[in-house]
Amino acid sequence: MAHIGVIHWLEENDYEIRAIAGSSIGALIGGIYAAGKLGEYEQWVRAITKIDIVTLLDLSWAKSGLVKGDKIINTLVDLVGEQMIENLPIQYTAVATDLTNQKEIWITSGRLFDAIRASMSVPLLCTPFKHRGLELIDGGVLNPVPVAPTIGAGTDMTLAVNLGGPAESPEKLGGVSSAPAFHSSPWHERIKRFIHHVQRSVTSSTGRDWGAYDIAMQAFEAMQSAIARQKLAAYPPDLVIEIARNACGTLEFDRASEMIELGHRKAKECISQAPWQK
């Protein structure tokens, strides 16, 4: 969600985004922005509550992941509409991981939400996504901050947003307000109607050991932070906006407003201190 705040700051200050590459949530936000539907998505995600998040997680029970991801993707397709990557007005690349061949995959054509679903298949949480004969998982496994796909875009500046930045104290993360609860908003009513339409049943207790899952996710995030540093060193962008890795949990979408504000503030702090601004 911090990506949304960064995009807002760039637009407010007359920057034009010509190319986007993203892994996982970066592929999602970047793809929706490239499709011209970020405003609709932002209104939707600001209205989400913790209950909505639970009901959108379609439990899989498969050994390969807890969640299939179909409900979330179907919700987004209903919100944004079907889009083909090659028809987007902005150059777009979603990065996924081919686990069998141990290499990153750049998806630059085909259905936008197929690319997003593949890029967001977080290990342990989401089941892998079969795309063009390959079993793909989260792009962040091998490249959390994909700069390389934008190198040939011919832009004046390359900006990276690293969600695995150094951890910060609660005091330093302060200055953001808690997300308001839009329980009675039209967008929340739309969410509820769609959930009731696609949902067959919701189980209140999964019997899973979520403590063990949390530990695994922290290990995954630590790995991503280390790989991000290596990738940024190999393909250095002009600027890196660092978002503290402890700013928000993986599934805390109900904190969207807070994270959007944080991204906006971090973009202002970083870009205003750039050499060409002095």
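Residue numbers (our numbering): 1012 to 1289. Backbone N, C-alpha and C define an ideal beta-carbon position, used for all residues, glycine too.
Could you check where the alpha helix (DSSP H) with residue i kicks off and where it finishes?
i, result
"Gln-1094", "Counting along the chain, Gln-1094 falls outside any alpha helix (DSSP H), and DSSP gives it neither H nor E."
"Leu-1250", "Where Leu-1250 is concerned, there is no enclosing alpha helix (DSSP H), although the beta strand (DSSP E) it sits in stretches over 1250-1255."
"Ile-1040", "1036-1045"
"Ile-1018", "1013-1023"
"Lys-1048", "It is not in any alpha helix (DSSP H) - Lys-1048 carries neither H nor E in the DSSP assignment."
"Ile-1271", "1267-1283"
Taking Cβ to Cβ, would you say residue i is nearer than 8 angstroms to residue j?
i, j, result
"Leu-1136", "Ala-1258", "no"
"Val-1106", "Ser-1130", "yes"
"Ser-1035", "Gly-1175", "no"
"Ile-1040", "Ile-1015", "yes"
"Ile-1252", "Val-1088", "no"
"Gly-1121", "Ile-1101", "no"
"Leu-1262", "Cys-1281", "no"
"Gly-1042", "Leu-1123", "yes"
"Leu-1090", "Ala-1046", "no"
"Met-1012", "Met-1228", "no"
"Val-1158", "Tyr-1052", "no"
"Pro-1160", "Thr-1104", "yes"
Provide the residue span of the beta strand (DSSP E) that contains residue i, from first to last.
i, result
"Gln-1113", "Careful: Gln-1113 lies outside any beta strand (DSSP E) and carries neither H nor E."
"Leu-1123", "Counting along the chain, Leu-1123 falls outside any beta strand (DSSP E), though it belongs to the alpha helix (DSSP H) covering 1123-1130."
"Glu-1179", "Premise fails: Glu-1179 is in no beta strand (DSSP E) and is neither H nor E."
"Lys-964", "Residue numbering for the chain in the displayed model covers 1012 to 1289; residue 964 lies beyond these limits and cannot be assessed."
"Asp-1149", "1145-1149"
"Phe-1140", "1140-1142"
Apart from the five residues on each side of it in sequence, which residues of its chain come closer than 7 angstroms, Cβ to Cβ, to residue i?
i, result
"Ala-1255", "Gly-1176, Pro-1177, Ala-1178, Glu-1179, Leu-1184"
"Phe-1264", "Val-1056, Ile-1059, Ile-1064"
"Ser-1113", "It is Gln, not Ser, that sits at residue 1113 in the sequence shown. Contacts found: none."
"Glu-1232", "Gly-1175, Arg-1256"
"Thr-1111", "Glu-1146"
Assuming the contact rule is C-beta atoms closer than 8 angstroms, residue i and residue j should be a hit. Round their C-beta distance to whole Å, please.
i, j, result
"Leu-1243", "Val-1172", "Wrong, their Cβ atoms sit about 11 angstroms apart, outside the cutoff."
"Ala-1126", "Ala-1038", "7 angstroms"
"Leu-1153", "Ile-1238", "7 angstroms"
"Arg-1029", "Thr-1119", "Going by Cβ atoms, the distance from Arg-1029 to Thr-1119 rounds to 15 angstroms, so no, they are not a contact pair."
"Trp-1020", "Ala-1278", "4 angstroms"
Excluding the five sequence neighbours on either side, which residues of its own chain have a C-beta within less than 6 angstroms of the C-beta of residue i, listed in chain order?
i, result
"Leu-1145", "Asp-1109"
"Met-1309", "Because the chain is modelled from 1012 through 1289, residue 1309 falls outside the range shown and cannot be assessed."
So the candidates are the options; which of them puts its Cα closest to the Cα of residue i?
i, options, result
"Trp-1117", "Pro-1247, Leu-1273, Gly-1033, Ala-1239", "Gly-1033"
"Ile-1162", "Pro-1248, Lys-1082, His-1142", "Pro-1248"
"Gln-1235", "Glu-1023, Pro-1134, Asp-1025", "Pro-1134"
"Thr-1138", "Gly-1092, Asp-1025, Lys-1082", "Lys-1082"
"Leu-1049", "Ile-1062, Glu-1022, Tyr-1026, Asp-1225", "Glu-1022"
"Glu-1115", "Arg-1143, Gln-1094, Asp-1149, Gly-1092", "Asp-1149"
"Gly-1260", "Leu-1273, Gln-1241, Asp-1225, Ser-1283", "Asp-1225"
Taking 8 angstroms as the limit between beta carbons, can you name the residues of its chain near residue i, skipping five residues before and five after?
i, result
"Lys-1061", "Asp-1265"
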